[in-house]
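What follows is a single structure, written as structure tokens, with notes after it.
Protein chains: 4
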Amino acid sequence: MIIDVINCFDFAGADVLEPKARKAAHVIAGLRSEMARKGYPTIFINDNFGEWHSERSRLVERALAKPNPVAELLRPCREDYFIIKPQFSGFYATNLPVLLPKLGVSRLILTGIATDICVLFTAADAHMRDYALWVPCDAVAAEDDARGAFSLATMSAVMGAETQASGNLSLSKWTARLDEAGIAGVPSRRISMG
Amino acid sequence: MIIDVINCFDFAGADVLEPKARKAAHVIAGLRSEMARKGYPTIFINDNFGEWHSERSRLVERALAKPNPVAELLRPCREDYFIIKPQFSGFYATNLPVLLPKLGVSRLILTGIATDICVLFTAADAHMRDYALWVPCDAVAAEDDARGAFSLATMSAVMGAETQASGNLSLSKWTARLDEAGIAGVPSRRISMG
Amino acid sequence: MIIDVINCFDFAGADVLEPKARKAAHVIAGLRSEMARKGYPTIFINDNFGEWHSERSRLVERALAKPNPVAELLRPCREDYFIIKPQFSGFYATNLPVLLPKLGVSRLILTGIATDICVLFTAADAHMRDYALWVPCDAVAAEDDARGAFSLATMSAVMGAETQASGNLSLSKWTARLDEAGIAGVPSRRISMG
Amino acid sequence: MIIDVINCFDFAGADVLEPKARKAAHVIAGLRSEMARKGYPTIFINDNFGEWHSERSRLVERALAKPNPVAELLRPCREDYFIIKPQFSGFYATNLPVLLPKLGVSRLILTGIATDICVLFTAADAHMRDYALWVPCDAVAAEDDARGAFSLATMSAVMGAETQASGNLSLSKWTARLDEAGIAGVPSRRISMG
Chain A
884 MIIDVINCFD FAGADVLEPK ARKAAHVIAG LRSEMARKGY PTIFINDNFG
934 EWHSERSRLV ERALAKPNPV AELLRPCRED YFIIKPQFSG FYATNLPVLL
984 PKLGVSRLIL TGIATDICVL FTAADAHMRD YALWVPCDAV AAEDDARGAF
1034 SLATMSAVMG AETQASGNLS LSKWTARLDE AGIAGVPSRR ISMG
Chain B
884 MIIDVINCFD FAGADVLEPK ARKAAHVIAG LRSEMARKGY PTIFINDNFG
934 EWHSERSRLV ERALAKPNPV AELLRPCRED YFIIKPQFSG FYATNLPVLL
984 PKLGVSRLIL TGIATDICVL FTAADAHMRD YALWVPCDAV AAEDDARGAF
1034 SLATMSAVMG AETQASGNLS LSKWTARLDE AGIAGVPSRR ISMG
Chain C
884 MIIDVINCFD FAGADVLEPK ARKAAHVIAG LRSEMARKGY PTIFINDNFG
934 EWHSERSRLV ERALAKPNPV AELLRPCRED YFIIKPQFSG FYATNLPVLL
984 PKLGVSRLIL TGIATDICVL FTAADAHMRD YALWVPCDAV AAEDDARGAF
1034 SLATMSAVMG AETQASGNLS LSKWTARLDE AGIAGVPSRR ISMG
Chain D
884 MIIDVINCFD FAGADVLEPK ARKAAHVIAG LRSEMARKGY PTIFINDNFG
934 EWHSERSRLV ERALAKPNPV AELLRPCRED YFIIKPQFSG FYATNLPVLL
984 PKLGVSRLIL TGIATDICVL FTAADAHMRD YALWVPCDAV AAEDDARGAF
1034 SLATMSAVMG AETQASGNLS LSKWTARLDE AGIAGVPSRR ISMG
């Protein structure tokens, strides 16, 4: 899941966040390719920035009206899942709670911006729905570094999220670890009626 | 609110529903103009038909790939609100629960198809959130007339919805009646803290 | 799931509904015993009747203040799951969406009152979450028989719900049928990441 | 709103959190009296601790099975609102989203434990629903002081929450400030249809 990267960076503090987001974007692009090679879905989760037209091309267009390395690097493909969120959390008032069960996934990798806002609150909602989480610390960015670090510490301590950099942990190692620990993400104790 | 009119009518039973939908579409078009004149917002609420790209233009395009009087008549304008729903109800897993409070509305007119599915379950969710409802019986359509009539009777009896035809009741008469009855829609007993 | 049987029957029309509810209650009691024998959970889903104390014993007490065959017959046991709902649907603003995945169930039997209100709208919400449904027509009751019958027809046609009487269909036959049809309830296409 | 104070303090780290919670409990008790005097509602929001019986008296009983100054001091009265939550946030899968509009409140005071978990994520959900927030820093407690402080800083920066100690800010001053700033909490721009 890639959060809020189709972004105009026109808010207060964006000048501080943008260069960090650019660095994270390169890491995200790498993860995205790896996911695609392995056949795993990529889901964009993006703010509507106050527009209610459900037209992702207009969001992309607006972001690309000026030079925008982050949006250029992470432009969604025609076949990518794209979820428009009106608030911080990717789960609140969006299609996501229906899409994820349809995909059958129980493990989520969260990337994007900002670590201490949309990433943190999307992670909390994912954890409350029993998804296992990896939030690679090099694939997220925050305007305030201390708040970013704190958020990662909270996700690790409170939600059991993995937060290692994607440089230090491979996708297959992460999933192998969860398998060993018997963590399916979504609860495995299933009383299949009949 | 206009439900599921951007529709390919390519499902079983569509041949029965489409002519009725066309009739309703003319009524909806009239209501839409009146709403626009009075400055009230129109919200399209449309199925994603199994696509998760959040791109309304692709939904419209697909519907207009063949001659389609309903979609042609009710084509959304650039500035119309457009909500993509993945299931029957317009409130489930959509932006709608955030948009409606931002618009500040407490009264909803529901139109579209099908009366006994998406209209009925959207109405139920609206009623559970304390919205006052008008579902003009001439602005909705169902494949099965008996189920359509029953659904309208249920909305009237169980949700207190007005179901008179828009030919028999004007917008201003409806709102005047709610005002007289002291029905704000959203509950009026408000303890404003401080 | 047993809906709204802890009920004072003190509303308009309750005198019509109560005798029918009593008949259904006997059927529900039988199903409940069978479920218990097979180790399947029973979940009570009950209206809060305008009280917000989250104290089921007070709801039971209030219902039993007067002779009340339905509530007496279906009194919850200490270990039964009990969900308090503030509106029609058992899924709206309740603990249910968290409890069901924890139980790991994908198939639900809906019973209780009233067929055309709380049963119908709980069924719709269950269907939107991909649960397979059985609503035994002899284990539900409605004040208005025509609306009850229509609601069952809608659940069957629109939600793929089984609605046969529990006298004509056994629990094991129902689950065998779903197994044959490859209907897990919750979608079976699962991309298990890694 | 008083979060998770009916608590057995039997988890890892509870020995660190409990003395801080006790201190906060005295502040909360003072605020609760003041709220009661002014006629404002108090809402307990409490974890179900893995039980699904919707019986608050059993939660209270369990907490009071051993000496427990926090639960003794803040024992709910018969008429207090009591919401049982199955996860971190008071808004997720609970009656709260229905109760708050019925009370008509647009401003919330959040107190209780733990600042960096249930308080933080309840605050996020409240903010996403447009409630104005005061999280008095002396009425909350966290096991880890740094994470507690960070959480308060996040609520202030990201959600516009007031976080001053209740010793330094009175209820009437807070509401006066919101009034001056024209902050109703719930959006004031209301197009009342008709």
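Residue numbers (my numbering), protein chains in the order written: chain A, 884 to 1077; chain B, 884 to 1077; chain C, 884 to 1077; chain D, 884 to 1077.
Note that the Cβ used here is the ideal one computed from N, Cα and C, for glycine as well.
As the structure is a prediction and not an experimental result, all values here were calculated from the model.
In the DSSP annotation of this structure, C/I1000 is not part of any beta strand (DSSP E), being labelled neither H nor E. Residue environment: A/G995 is assigned as buried (16 or more neighbouring CB atoms within 10 Å of its CB, all protein chains considered).
Within the same chain, Cβ atoms closer than 8 Å to the Cβ of C/F1033 are found at D999, the five residues on either side in sequence being excluded. Closer than 9 Å to the CB of D/T977 there is at least one CB belonging to chain C.
Comparing alpha-carbon positions, the option among D/V1041, D/G1043, D/C1020 lying closest to D/A904 turns out to be D/C1020. Counting only Cβ-Cβ distances below 9 Å, A/L982 has contacts in chain B at W935, P969, A976, in chain order. Identification of chain D residues near B/D1013 by a Cβ-Cβ cut-off of 7 Å yields P984, ordered along the chain. By the Cβ neighbour-count rule, B/N1051 is exposed, with fewer than 16 other Cβ atoms within 10 Å of its own. D/G995 is bridged by DSSP to D/I886, D/V1023.
Residue environment: D/G1031 is assigned as buried (16 or more neighbouring CB atoms within 10 Å of its CB, all protein chains considered). For B/F965, a Cβ of chain A is located within less than 9 Å of the residue's own Cβ.
Chain-order list of chain A residues neighbouring B/R905: empty, with the shortest C-beta distance near 25 Å, by a criterion of under 9 Å. For the 9 Å CB-CB criterion, A/N929 and A/D887 form a contact. Excluding its 5 nearest sequence neighbours in each direction, C/M918 has C-beta neighbours in its own chain below 8 Å: P924, T925, I992, L1054, listed in chain order. In the three-state scheme derived from DSSP, where H, G and I count as helix and E and B as strand, A/A948 is classed as coil.
According to DSSP, residue pairing for C/A1015 in a beta bridge involves C/R990.
In the DSSP assignment, C/I926 falls within the unbroken beta strand (DSSP E) covering 926-930. Using beta-carbon distances, C/N1051 does not count as an interface residue toward chain D, since no partner is under 9 Å. By the Cβ rule, the stretch 963-979 of chain A counts as touching the stretch 1011-1028 of chain D, because three or more pairs are nearer than 8 Å. Under the three-state reduction of DSSP output, D/F965 falls in the strand class. Under DSSP, the beta-bridge partners assigned to D/E938 are C/E938. For the options A/V910, A/A946, A/L1061, the alpha carbon positioned closest to that of A/D893 is the one of A/A946. Counting along the chain, D/S916 sits inside the alpha helix (DSSP H) bounded by residues 897-921.
As the crow flies, the alpha-carbon of B/I889 is around 16 Å from that of B/A1025. The Cβ atoms of A/A1007 and D/F1004 lie closer than 9 Å to each other. For the C-beta of A/T1046, not a single chain D residue is nearer than 8 Å; the gap to the nearest is close to 14 Å. Counting other Cβ atoms within 10 Å of its Cβ, D/R961 stays below 16 and is therefore classed as exposed. With a beta-carbon spacing of about 6 Å, A/D963 and A/F927 fall inside the 8 Å limit used to define contacts. DSSP places B/S1055 in the uninterrupted alpha helix (DSSP H) bounded by 1054-1063.
A check of alpha carbon separations from C/S989 across C/N978, C/W1017, C/Y975 identifies C/W1017 as the nearest. Under the Cβ criterion of 9 Å, A/S1039 is not counted among the residues facing chain B.
DSSP places B/R958 in no alpha helix (DSSP H); its state is neither H nor E. With its beta carbon at least 9 Å from every one in chain C, D/R958 lies outside the interface. Classified as buried, C/R915 has 16 or more neighbouring CB atoms from the shown chains inside 10 Å of its CB. Within chain B, no residue has its beta carbon less than 9 Å from that of C/R990; the closest one is some 19 Å off.
Legend: CB atoms of the stretch 937-954 of chain D lying less than 8 Å from CB atoms of chain C belong to residues S937, E938, R939, S940.
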